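Working notes, structure below.
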Amino acid sequence: MLNVKTENACHSHSEKKKRDFVSDKAKSIPPSGIRRFFDLAGEMENIISLGVGEPDYSTPWHICDAAITSIEQGHTAYTSNTGMDLLRKELSRFLSERYKISYNPSNEMIITTGVSEALDIAIRAVINPGDEALVIDPIYVSYAPCVTLAGGVPVPVPCREKDHFRLTADNLMERVTPRSKALILNFPNNPTGAVMRREDLKAISDIAIDHDLVILSDEVYAELTYEGKHCATASIEGLMDRTITLSGFSKAFAMTGWRLGYLCAPPEISAAALKIHQYVMLSAPTMSQYAAIEALKNGEESMLSMVHEYHMRRNLFIDSLNRIGLTCHQPEGAFYAFPSVEKTGLSDYEFAERLITEAEVAVVPGSVFGTGGIGHLRCSYAVSREDLSEAVNRMDGFIQSL
Amino acid sequence: MDDIDRSLLSLLEENCNIPVHEMAVMLECSDEEIIRRRSRLEEEGIIRRYSAVINWEQVDKGAVYAIIELKVSPERDFGYDRIAGRIGRFSNVRDLRLRSGSSDLQLLVTGKSMQEIARFVAEHIAPMECIRETSTHIIMKTYKENGVLYAEREDGKRLPFSF
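Here you go:
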C-alpha cells in the first residue's frame, strides 16, 4: 500500500511545472571562456602546454615532509579561524622583512583557502550593492565575477601595451566615478607579467586617496619579480590604511594544490572579512598551514632557486618569441609572456585554436583576460627549458606555414 | 666569482652540452663573455671536467661497488695527505675522502666481483704501513648519486590549462 501511495505522489508532482532553480546571479556570471581548449588539449598526446597557470615544480620536499609529519602527529583538526598563531607570526615577519609592510598577526591577518578565497571575502567585506570596483584589464579571470557576485559593478581599467601593461594615472582617472569604491590590482600581473614599480604606484596613490578608494592588491606573484625588488602597494605612503594585501604560497613555493593564501588588512576590514570566512570556510586546511610554516621558516633557498630558473627561462623565451615574430614586451614578473599575434593576421582565438590543432602547443587567447588582452596570447614559461624550446620550434613552424 | 659565474656553473653542472648562446641569453650577457668566463673557470680548476652521470648498475649487472672505511695513523709532517695520495692513484678508487668520526679515510671502490674487491683490500690497502683497520661495506643499491635520483619517479601531473 505504501509503495502505491508513493508512486501516486511522484506522479502528481511531475505534472506540476518545475521552476528554474538556478539563481539570476549565478546566471549573470560568464562561464569559463576556454572550455573548448580544455577539450581539444585533452585529446592530444604530444601536446606541450604553455596554458598552465602554475609552477612546473613539485613542492620542495622539506615542505611536504612538514605536512606529512603534522598528519602523523595527529594535527588533523580545525585551526583557529584566522589560522595558526605561529603561521601568522612567521608571515608577519616575512612580509615586513621582504616588503617592508607591517601587519599585526593578531588582528590584521587571515589565513585563507588559497588567494581565491581571500579575494572573495575581501570583495564581499567592502562592496555594497551598486558600488563600482575598478578592475585592471587585462587580468586573471576571477576578479570581475567575484565583484558581480558581491552585488558590485566591475569597471575595467585598461593597462596598455605602450605603458608596459602598467596602470597609469590617466587611464585610472578616466574610469573613476562618484560610485567608485574599490580598485583591484594584480601586479606582477597574470596574464601580462607587468610589474608596477614604486614610482608607478605613487602616481596612482593620489587618485586612490582623493577618491577615497579601498585597494585590493593581489600580490601572489610578488616573489617572482626579476628586475629589482617587488614593491608592495601597502608600502606606498598613505596607502597602508586603505589597502588589502592578498597573497599566498602557490606560486613562490610551488604549492598550488595546497590551497593556502592570506589576507592582510586594517583591523576593521579584517574583522569584517573574518566574519565571512568563519561562515564559508571556517579555517584553511591544517596540514597546509604546517607546510606553510616550514616554507616561511626554511623555504627561502628553494624559492630563490626556482625564481632564478624562471628568470633565466624568461630571458630565453622572450628572446625566442621575438625572434620568431611574436613580438613581446619584456615581462618583469610572474611566469607569463604576453606576445602579440597582430603580425600573423589572425585573432588571438584563431591563432590559439589553430596552434593547438596544427602544432600541438597550447596557449591561452589573451581576450579571455579582458578586452585589453585582445590580439595577445598568454604563454606560461613555467615548463622545462627543453619543452620551452620545443614549443618555440613548433610555433615557429606554425607561423611559417601561415 | 660573481652571481653570473655561479649561475654559469650551475647550468653546466646540470647539463654541460647546453649551447653557449642559450646560456648567454639566459644570463643576460654576450656569447663572448660566456666563453671567456668558462675558460677562466676551467683554467682556475673550478671546472674539473665535463662528464656524464651514468647509472652503471643498469649497464654492468654484475659490477660491485663498496665503501671502504680506513682507520689510519697519520704520518709526521704529512698527516693523511701522503697515504691518501697513494690510495687515490688506484683507478678503481672512484671517490676518496678524509672524514670526521669513527674512521678517517672513506673510499668508494668498484670491481667486477666481490672477490676482486676483497683481493684489492687484502693485497693493496690493508698491508700499507699506516693502515690500522679496514671495514668494507658492499653497496646493495644506489638511490641517488651526484644529486640525481635513480629511482623511477612519477612527476606530478598538471591540468593542460589553468588560469
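As you go down the protein sequences, you meet chains A and B in turn.
According to the working numbering, the first sequence is numbered sequentially starting from 1.
According to the working numbering, the second sequence is numbered sequentially starting from 1001.
Even for Gly, the Cβ is constructed at its ideal location relative to N, Cα and C.
Everything numeric in this text was worked out from a predicted model, so none of it was measured.
Not a single CB atom of chain A sits nearer than 9 Å to the CB of B/R1038.
With a contact defined as Cβ atoms closer than 8 Å, A/S270 and A/I110 qualify at about 6 Å. Here A/S320 is buried: its Cβ has 16 or more other Cβ atoms, across all protein chains shown, within 10 Å. Around the C-beta of A/K181, 16 or more other C-beta atoms lie within 10 Å, and the residue is accordingly described as buried. By the C-beta density criterion, B/V1053 is exposed, having fewer than 16 other C-beta atoms within 10 angstroms.
Bridge partners of B/C1130 according to DSSP: none are assigned. Taking 9 Å as the CB threshold, A/H329 stays off the interface with chain B. For the pair A/V361 and A/I48, the Cα-to-Cα distance works out to about 5 Å. Annotation for A/C379: no alpha helix (DSSP H) segment contains it, though the beta strand (DSSP E) segment containing it runs L377 to S380. Listed along the chain, the chain B residues whose CB falls inside 9 Å of the CB of A/F38 are L1159, P1160 and F1161.
A/C64: member of the alpha helix (DSSP H) spanning W61 to E72, first to last residue. Straight-line measurement puts the Cα of A/E72 at about 17 Å from the Cα of A/T79. B/S1030 is outside the set of residues whose beta carbon lies under 9 Å from a beta carbon in chain A. Considering only A/P145, A/K27 and A/M84, the residue with the shortest C-alpha distance to A/V135 is A/P145. Considering only beta carbons, the part of the segment 1012-1030 of chain B lying closer than 8 Å to chain A consists of E1022, V1025, M1026, L1027 and E1028, in chain order. With respect to chain B, the C-beta atom of A/A66 has no partner C-beta closer than 9 Å. Just measuring C-alpha positions, the residue of A/D137, A/L239, A/L216 and A/T112 sitting nearest A/R198 is A/L239.
Proximity of the segment 158-166 of chain A to the segment 94-112 of chain A falls short of the contact definition, fewer than three beta-carbon pairs being nearer than 8 Å. The beta carbon of B/S1113 sits no closer than 9 Å to any beta carbon of chain A. Proximity of A/R313 to chain B, defined by a Cβ-Cβ separation below 9 Å, is satisfied.
In this structure, the CA atom of B/P1160 is about 11 Å from the CA atom of A/D56. Secondary-structure assignment with DSSP links A/M109 through a beta bridge to A/C264. Shown here for A/R36: same chain residues with a beta carbon closer than 8 Å to its own, the five before and five after excluded, namely E353 in chain order. By the neighbour-count criterion, in which 16 or more other beta carbons inside 10 Å mark a residue as buried, A/A208 falls on the buried side. Relative to B/L1105, the option among B/K1112, B/G1111 and B/L1096 whose CA is nearest is B/L1096. Rounded to the nearest whole angstrom, the C-alpha separation of B/A1066 and B/Q1115 is 12 Å. In this structure A/E132 touches A/T177 by the C-beta definition: roughly 6 Å separates them, less than 8 Å. By the neighbour-count definition (other C-beta atoms within 10 Å, threshold 16), A/G130 is an exposed residue.
In this structure, A/A265 sits near A/T245, with a CB-CB distance shorter than 9 Å.
When the five nearest sequence neighbours on each side are left out, the beta carbons in the same chain lying within less than 6 Å of the beta carbon of A/M306 are those of Y57, in order along the chain. DSSP places A/P145 in no beta strand (DSSP E) but in the uninterrupted alpha helix (DSSP H) bounded by Y143 to L149. Here A/G261 really is in contact with A/G248; their C-beta atoms are around 3 Å apart, less than 8 Å.
Between A/V115 and the set A/I318, A/R175 and A/S250, the nearest pair of CA atoms involves A/S250.
Contacts between A/L316 and chain B, judged by CB atoms closer than 8 Å, involve E1022, V1025 and M1026 in chain order. In this structure, B/V1121 is the residue among B/E1043, B/V1121 and B/R1049 with its C-alpha nearest to the C-alpha of B/V1109. Going by C-alpha positions, B/C1029 is about 12 Å away from A/M312.
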